[in-house]
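Okay, structure first, notes after.
In the working numbering, the protein residues as written are 257 to 575.
What follows is the structure in structure tokens.
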């Protein structure tokens, strides 16, 4: 069989591929009901807790500052981000039908990537906000005015849209001429590319380049901001001032470490070290575990949010 015949055969198989099978957690059949209940509870916790943060940052006048404006954006993003993967996982666990159409898989990957980039950028902007507030407090109201905050938030939301249209199209234009079983619980990049036949070197290089641009560079900017922030905090004469400054920054640092840590390990480690089990565990960490803990981290470690939350609950006779 010559090269042209092989290529035609691959394209024919690609054109007839109508769906993928998300293996998910099918290797533990006895835990399907338990996993469905657990992920349903987690999803409800994420939606309700982040919705509560959005409500209090919008309704409590004491939280009408740039810091909490971005926190409200971040909470809304977390709801969108987790809604790309968890409802499909819950449906698969409930119906025991793990199929996903070719187009639905592409759409899921696209929104997952766009929202993931948005999260990287919003976390970076939140670090910049803390940098200006602590290192340039006199200029803070001028630099972080309402117009700038809205522009920064809008930039975070739309910056990944055009890039990932082309990127997702390229991935799903690859020939898929073998198995259609994705050993994952959603359409992530590594398991989809692993099913492609032929040379995937160029797409793998592009994955590394995009990961460097949207994950590593924002992470380095955040680290640079916090080097300056910590240096400034340590110079404050008041112990109370140092404690308050550290308190407002520590929540963000914990969230950054959880999200970027798992993301960098997933997309920037060598291909030879990839395994389906490890990839699924890491994906669970940044798609499910981190969004669940983020509201708790921000609320429990932030006195202003806790006070606003108590006011909100008292106002609605919950306490």
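Beta carbons: idealized from backbone N, C-alpha and C, even for Gly.
Judged by their CB atoms, residue 412 and residue 367 are not nearer to each other than the 9 Å cut-off.
Bounds of the alpha helix (DSSP H) holding residue 358 are 358-391. Taking the CA atoms as reference points, residue 429 sits about 50 Å from residue 559. At the C-beta level, residue 329 and residue 404 stay beyond 9 Å of one another. Approximately 6 Å separates the beta-carbon atoms of residue 323 and residue 385; this is inside 8 Å, confirming the contact. With 16 or more neighbouring CB atoms inside 10 Å of its own CB, residue 348 falls in the buried class. Membership of residue 278 in the beta strand (DSSP E) is indicated by the continuous run 275-278. Under DSSP, residue 460 takes part in no beta bridge, so it has no partner. Per DSSP, the beta bridge partners of residue 438 are 278. Residue 510 and residue 553 have their C-alpha atoms some 8 Å from each other. Of the residues assessed, residue 444 falls on the buried side of the cut-off, its CB having 16 or more other CB atoms within 10 angstroms.
Your pair residue 350 and residue 292 checks out as a contact, with CB atoms roughly 6 Å apart and the cut at 8 Å.
Taken through DSSP and simplified to helix, strand or coil, residue 531 comes out as coil. Put simply, the backbone Cα of residue 313 is about 10 Å away from that of residue 331.
CA-CA distance, residue 456 to residue 448, rounds to 11 Å. By the Cβ rule, the region 509-524 counts as touching the region 467-476, because three or more pairs are nearer than 8 Å.
Under the Cβ criterion (8 Å, minimum of three pairs), the region 534-553 does not count as touching the region 490-502.
Around the CB of residue 533, fewer than 16 other CB atoms lie within 10 Å, so the residue is classed as exposed.
Spatial neighbours of residue 380 in its own chain (CB-CB distance under 7 Å, excluding positions within 5 residues in sequence) are listed in chain order as 474, 477 and 478. Under the three-state reduction of DSSP output, residue 355 falls in the strand class.
If you check the CB distance, residue 423 and residue 451 do not come in under 9 Å.
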